[in-house]
Amino acid sequence: IKDCFRGRLIANNGQLVLGGIREYANALTNAERIVIVACGTSWHAGLVAEYIFEEFCRIPVEVEYASEFRYRNPIIREGDIVIAISQSGETADTLAAMELAKSKGAIVLGVCNVVGSSISRVSHEGVYTHAGPEIGVASTKAFTAQLTVLTMIALRVAHRKGTMAEQRYRSFLAELESIPAKVEKALKTDDQVKKIAALFKDSRNCLYLGRGYNFPVALEGALKLKEISYIHAEGYPAAEMKHGPIALIDEEMPVVVIATRDSSYDKIVSNIQEVKARKGKVIAIVSEGDSLIPGMVDHTIEVPGTHDALMPMVATIPLQLLSYHIAVMRNCNVDQPRNLAKSVTV
Ligand code: F1P
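Just so we're on the same page, full-length UniProt numbering is the position in the sequence shown counted from 1, plus 264.
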C-alpha cells in the first residue's frame, strides 16, 4: 500500500512541523487558489478552512461538495491545489472528486482520519487527523480534529508567506495550544445542555444561526441534529435570515444562535432581537462572562472565549451534546442512525 501521508503535524517549541506536506509545501504556500472538496461534516470543516486561509494566507479558496464537483465540469488548472477532507478516507464522492482534479493536473492534498485509507493513498501528500476511531456514524471528534489540522496548515502557510506577522503567529499558536483545555471546559456544559434537550426533544423543526466563523458551526449543529435525532434542522448565516427563514419563526420554533464574542457580536445581538420579536425560543451559545445576551434569550450556554477563527472547535461541543441528548431522549440509536453509513462508498 502506497501511503502518501508521510508524517504528522507536530507542534514543537512553538514551531510547526508539517510532517505530512513537504514536497508540496511550496506549491501550497504559493498557490493562486485552493479548492476544497468534501462531504457532510468534512465539508463544514472545509468552510471554516476557507475563512481561515483567506483571512491569514490571503489565498482565494472555493469549497465544493465533492458530490457536485465530480459530476460537473469544474475549472481546475495545472498546479491548482485541491484539498480533500474526509473522516473515513473512503467516501466515494470525495475520491471521485480527487481523481477528477488529478486528471486535470491539480496537486491533491488530503486531510483524513483513517490511516492507509483510499483517500490517503490517492493524495499526493497529506495529513492525518489522528482523532482515533469514530465509533458512531456521525462525525464529532473527527470534525474538531479536522479543524485543528486545517488551522495548523493555514497558520504554517501564512507564516511562510509572510501574510501573518511573527508575533501574531506565535500568539495564535499559543492560543491553539489552549484549545484542548477549553474544549474540556465546554464539555462540562453537559448537565445544563441535557436539561435544555429535555425541553426541546419533541420539536419538529429547529433553526441554527451563526455569522462569520460561527456560520459553519451553525450548519454542523443542524446536521448533527438531523443525523441522529431525525428532527428537521436548518443552519443559516444569521444575516440571511431576513431573506427567507425569518418567515418560519414563531413561538414553536427553537432557534440556536451561536453568539460568541467576536467581530460580528453586535450584529448577532440584533439577529437575536429579530427572533425574539417574533417569539422564537432562543438557545444562545455565548462566551463566558457575557452579561447582555442571557437577559435577552430563553437559554444560554457559556463556552470559554478564544479567537474568532478558533471558536468553531469550542462552540461546536455544546451543539454535539444537544443533538446527542435529544437523540437519546427520543430513543434514537445515536451510534447507528437509520439510513446512514459510516463511509458512503457508493
Ligand atoms: C462524510 C459524511 C459524514 C457524515 C456521515 C456520512 O464522511 O458525510 O460527515 O457524518 O458519516 O459521511 P467522510 O468523508 O468525512 O468520512
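Note that beta-carbon positions come from the ideal geometry of N, C-alpha and C, so glycine has one too.
Inter-residue spacing [alpha-carbon to alpha-carbon] between residue i and residue j
{"i": "Glu314", "j": "Ala418", "result": "10 Å"}
{"i": "Ile274", "j": "Gly284", "result": "Model confidence at Ile274 stands at a pLDDT of 42, short of 50, so the residue's coordinates are unreliable and nothing is read from them."}
{"i": "Leu359", "j": "Ser382", "result": "8 Å"}
{"i": "Ser607", "j": "Ile298", "result": "25 Å"}
{"i": "Gly400", "j": "Ile510", "result": "34 Å"}
{"i": "Pro518", "j": "Met416", "result": "35 Å"}
{"i": "Asn597", "j": "Ile495", "result": "14 Å"}
{"i": "Arg594", "j": "Tyr588", "result": "10 Å"}
{"i": "Thr570", "j": "Pro324", "result": "25 Å"}
{"i": "Met551", "j": "Gln410", "result": "According to the sequence as given, residue 551 is Ser; it is not Met. Those two C-alpha atoms are separated by around 23 Å."}
{"i": "Val327", "j": "Ile347", "result": "9 Å"}
{"i": "Ile316", "j": "Leu414", "result": "9 Å"}
{"i": "Cys268", "j": "Gly353", "result": "Unreliable positioning characterises Cys268 in this predicted model, as indicated by a pLDDT of 44, which lies under 50. A coordinate reading is not provided."}
{"i": "Met575", "j": "Thr408", "result": "11 Å"}
{"i": "Phe320", "j": "Arg420", "result": "10 Å"}
{"i": "Ala486", "j": "Gly380", "result": "31 Å"}
{"i": "Leu585", "j": "Glu342", "result": "43 Å"}
{"i": "Gly499", "j": "Ala482", "result": "5 Å"}
{"i": "Phe436", "j": "Ala429", "result": "11 Å"}
{"i": "Thr412", "j": "Thr305", "result": "14 Å"}
{"i": "Ala457", "j": "Val521", "result": "In the sequence on display, residue 457 carries Val and not Ala. Those two C-alpha atoms are separated by around 14 Å."}
{"i": "Tyr288", "j": "Ile532", "result": "40 Å"}
{"i": "Ile492", "j": "Pro601", "result": "6 Å"}
{"i": "Trp307", "j": "Gln351", "result": "11 Å"}
{"i": "Val447", "j": "Ile349", "result": "22 Å"}
{"i": "Lys490", "j": "Ala497", "result": "6 Å"}
{"i": "Asn290", "j": "Glu318", "result": "17 Å"}
{"i": "Gly278", "j": "Ser384", "result": "Bear in mind that a pLDDT of 43 at Gly278, under 50, signals an unreliable position, so the model cannot answer this."}
{"i": "Ala468", "j": "Arg286", "result": "First, the residue type needs correcting, since residue 468 is Arg and not Ala in the sequence shown. In a straight line, the C-alpha of Arg468 is about 49 Å away from that of Arg286."}
beta-carbon residue i near the ligand F1P non-hydrogen atom, thresh 7 Å
{"i": "Ser367", "result": "no"}
{"i": "Ser384", "result": "no"}
{"i": "Gln351", "result": "yes"}
{"i": "Gly304", "result": "yes"}
{"i": "Thr355", "result": "yes"}
{"i": "Lys606", "result": "yes"}
{"i": "Glu491", "result": "yes"}
{"i": "Val457", "result": "no"}
{"i": "Ala591", "result": "no"}
{"i": "Val401", "result": "yes"}
{"i": "Thr358", "result": "yes"}
Helix, strand or coil at residue i according to DSSP, with G and I counted as helix
{"i": "Asn595", "result": "coil"}
{"i": "Asp371", "result": "Position check: residue 371 holds Ile in this sequence, whereas Asp was assumed. It is a strand residue."}
{"i": "Lys545", "result": "strand"}
{"i": "Ala302", "result": "strand"}
{"i": "Pro501", "result": "strand"}
{"i": "Val608", "result": "coil"}
{"i": "Glu354", "result": "coil"}
{"i": "Ala462", "result": "helix"}
{"i": "Ala486", "result": "helix"}
{"i": "Arg494", "result": "Residue identity differs from the one stated: residue 494 is Tyr in this sequence, not Arg. Coil."}
{"i": "Asn469", "result": "strand"}
{"i": "Tyr392", "result": "strand"}
{"i": "Ile581", "result": "helix"}
{"i": "Gly310", "result": "helix"}
{"i": "Tyr588", "result": "helix"}
{"i": "Ala360", "result": "helix"}
{"i": "Ile345", "result": "strand"}
{"i": "Gly283", "result": "Reliability of the predicted coordinates at Gly283 is poor, the pLDDT of 49 falling under 50, and no value is obtained from them."}
{"i": "Tyr477", "result": "coil"}
{"i": "Ile565", "result": "strand"}
{"i": "Val447", "result": "helix"}
{"i": "Tyr329", "result": "strand"}
Taking 8 Å as the threshold, find out whether the region 494–511 comes into contact with the region 319–337 through three or more Cβ pairs. no
Counting pairs of Cβ atoms below 8 Å between the region 382–402 and the region 361–374, do you hit three or more? yes
Can you check the region 503–563 for any alpha helix (DSSP H) of at least 4 residues that lies completely inside it and give the ranges in chain order? 529–541
Under 8 Å: do the region 476–490 and the region 448–461 share three or more Cβ pairs, one atom per stretch? no
Output the residue ranges of the alpha helix (DSSP H) runs that lie fully inside the region 395–433 and measure 4 residues or longer, sorted by chain position. Segments of the alpha helix (DSSP H) lying fully in the region 395–433: 405–425.
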